[in-house]
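*Asks:* My questions will all concern the structure given below.
Numbering (our numbering), first residue to last: 1 to 249.
So this is what it looks like as structure tokens:
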């Protein structure tokens, strides 16, 4: 039984709180009304399959297939129409940088104990080449015809997709997000800076400091690069020279 104390014509705070809590506890809202134009068939599951634990981004989708990898060290190729696993390739380490598909190859980066970037035949899963570049810290990216791998040592490494040969290496610091196109060049953020890098030789064309860490990849549109920082800012910079177009909080 709820007991209340009346002093000076007012209920005690405990009584008021108890009354509100009791009312909330006994309140059961009815079903949400669904508009007539939205009352269609509910989504249904088409298929379900096991594809490993903690799938890393990005996941590649191309030519009726899904290519995914995660901490269980296996790259899976799964058919879109049925969910059947067409092939699996076991790596020596976890996949922390996701999977990329381009032309007839699938690319994936594994972490410790062996840090390899691997190219697989997209149709069969047979390994085409493998190269050790160091432990990746961010998703792989395919920009300007190159595979770009940010490493724990603070390097951005550019590889030739056809054979894994290194084209250039550039020191940028620790990066958490993938490289993105910036016109004909490359943009990538470290923990405190944004870099504009020449795609041809890896030269740093422009660099600017950023307040707050950018954890997600920058996005390019209309000649601008858009990013959100841990400093609660959304900003747009010009892809040509990284100057600020606008910033909002």
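Even for Gly, the Cβ is constructed at its ideal location relative to N, Cα and C.
Excluding the 5 residues preceding and the 5 following residue 69 in the sequence, name in chain order all residues of the same chain whose CB lies nearer than 8 Å to its CB.
*Replies:* Reading the chain shown from its first residue, position 69 is the one you call residue 69. Excluding residues within five positions, the ones whose Cβ falls inside 8 Å are 52, 55, 56, 75, 76, 91, 95, 98, 99, 108.
*Asks:* Could you give the uninterrupted runs of the beta strand (DSSP E) lying entirely in the segment 106-172, keeping only those of 3 residues or more?
*Replies:* Correct list: 116-121, 127-132, 141-143, 146-150, 155-159, 166-171.
*Asks:* Which residue comes first and which comes last in the beta strand (DSSP E) that contains residue 235?
*Replies:* Residue numbering aside, residue 235 sits at position 235 when the chain shown is read from its first letter. It spans 234-238 - the beta strand (DSSP E) in which residue 235 sits, taken as one unbroken run.
*Asks:* Please report the straight-line C-alpha distance between residue 238 and residue 103, rounded to a whole angstrom.
*Replies:* For the purposes of this step, residue 238 is identified with residue 238 of the chain shown, where counting begins at 1. For the purposes of this step, residue 103 is identified with residue 103 of the chain shown, where counting begins at 1. When rounded, the distance between both Cα atoms is 31 Å.
*Asks:* Taking only the alpha-carbon atoms, compute the straight-line gap between residue 152 and residue 172 and give it to the nearest angstrom.
*Replies:* Taking the first residue of the chain shown as position 1, residue 152 is located at position 152. Taking the first residue of the chain shown as position 1, residue 172 is located at position 172. So the two alpha carbons sit approximately 11 Å from each other.
*Asks:* Excluding the five sequence neighbours on either side, which residues of its own chain have a C-beta within less than 8 Å of the C-beta of residue 46, listed in chain order?
*Replies:* For this step, residue 46 is matched to residue 46 along the chain shown. Closer than 8 Å at Cβ, skipping near neighbours: 83.
*Asks:* Does DSSP put residue 208 in a helix, in a strand, or in coil?
*Replies:* Indexing the chain shown from 1 puts residue 208 at position 208. Strand, per DSSP.
*Asks:* Taking the C-alpha atoms as reference points, what is the distance between residue 189 and residue 176?
*Replies:* Taking the first residue of the chain shown as 1, we reach residue 189 at position 189. Taking the first residue of the chain shown as 1, we reach residue 176 at position 176. Spanning the two alpha carbons is a distance of roughly 8 Å.
*Asks:* Is it buried or exposed, residue 110, if we count other Cβ atoms within 10 angstroms and call 16 or more buried?
*Replies:* As a working note, residue 110 is residue 110 in the chain shown. Classification of residue 110: buried, given that the 10 Å Cβ count is 16 or more.
*Asks:* Can you give the Cα-Cα distance for residue 150 and residue 137, rounded to whole angstroms?
*Replies:* Here the question's residue 150 lines up with position 150 in the chain shown. Here the question's residue 137 lines up with position 137 in the chain shown. Whole-angstrom Cα-Cα distance: 6 Å.
*Asks:* Which one or two residues does DSSP pair with residue 67 in a beta bridge?
*Replies:* For the purposes of this step, residue 67 is taken as the residue at position 67 of the chain shown. 60, 77.
*Asks:* Could you tell me the alpha carbon to alpha carbon distance between residue 135 and residue 159, rounded to whole angstroms?
*Replies:* In the chain shown, the residue the question calls residue 135 occupies position 135. In the chain shown, the residue the question calls residue 159 occupies position 159. Their Cα atoms are separated by approximately 15 Å.
*Asks:* Work out the CA separation of residue 44 and residue 174 for me, nearest whole Å.
*Replies:* Counted from its first residue, the chain shown places residue 174 at position 174. Counted from its first residue, the chain shown places residue 44 at position 44. One C-alpha to the other measures close to 42 Å.
*Asks:* Less than 9 Å between the C-beta atoms of residue 199 and residue 210, yes or no?
*Replies:* Here the question's residue 199 lines up with position 199 in the chain shown. Here the question's residue 210 lines up with position 210 in the chain shown. The answer is no: Cβ separation not under 9 Å.
*Asks:* Provide the residue(s) that pair with residue 47 in DSSP beta bridges, ordered along the chain.
*Replies:* Here residue 47 is taken as the residue at index 47 of the chain shown, counted from 1. Partner(s): none; residue 47 has no beta bridge.
*Asks:* Hey, how far is the Cα of residue 191 from the Cα of residue 81?
*Replies:* The residue labelled residue 191 in the question sits at position 191 within the chain shown. The residue labelled residue 81 in the question sits at position 81 within the chain shown. Using only the alpha carbons, I get a separation of about 40 Å.
*Asks:* To the nearest angstrom, how far is it from the Cα of residue 123 to the Cα of residue 165?
*Replies:* Against the chain shown, residue 123 aligns to sequence position 123. Against the chain shown, residue 165 aligns to sequence position 165. If I take the Cα positions, the gap works out to 23 Å.
*Asks:* Counting only the same chain and skipping the five closest in sequence on each side, list residues whose C-beta sits under 8 Å from that of residue 233.
*Replies:* What you label residue 233 is simply residue 233 of the chain shown in a count that begins at 1. Excluding residues within five positions, the ones whose Cβ falls inside 8 Å are 211, 212, 247, 248, 249.
*Asks:* So which of 235, 220, 89 has the shortest CA-CA distance to residue 208?
*Replies:* Taking the chain shown and counting its residues from 1, one reaches residue 208 at position 208. Of 235, 220, 89, the residue nearest in Cα terms is 235.
*Asks:* Under 9 Å between the Cβ atoms of residue 205 and residue 225?
*Replies:* Start at 1 with the first residue of the chain shown, and residue 205 comes out as number 205. Start at 1 with the first residue of the chain shown, and residue 225 comes out as number 225. Contact flag unset, no.
*Asks:* Please go through the same chain and pick out, in chain order, the residues whose beta-carbon is closer than 6 Å to the beta-carbon of residue 87, but skip the five residues on each side of it.
*Replies:* Position 87 of the chain shown, counting from 1, holds the residue named residue 87. Closer than 6 Å at Cβ, skipping near neighbours: 77, 125.
*Asks:* Who does residue 101 pair with in a DSSP beta bridge?
*Replies:* Locating residue 101 in the chain shown gives position 101, counting from the first residue. Beta-bridge pairing links residue 101 to 106.
*Asks:* In terms of alpha-carbon separation, which member of 244, 241, 180, 121 lies closest to residue 217?
*Replies:* In the chain shown, the residue the question calls residue 217 occupies position 217. Looking at the Cα atoms, 180 is the closest of the given residues.
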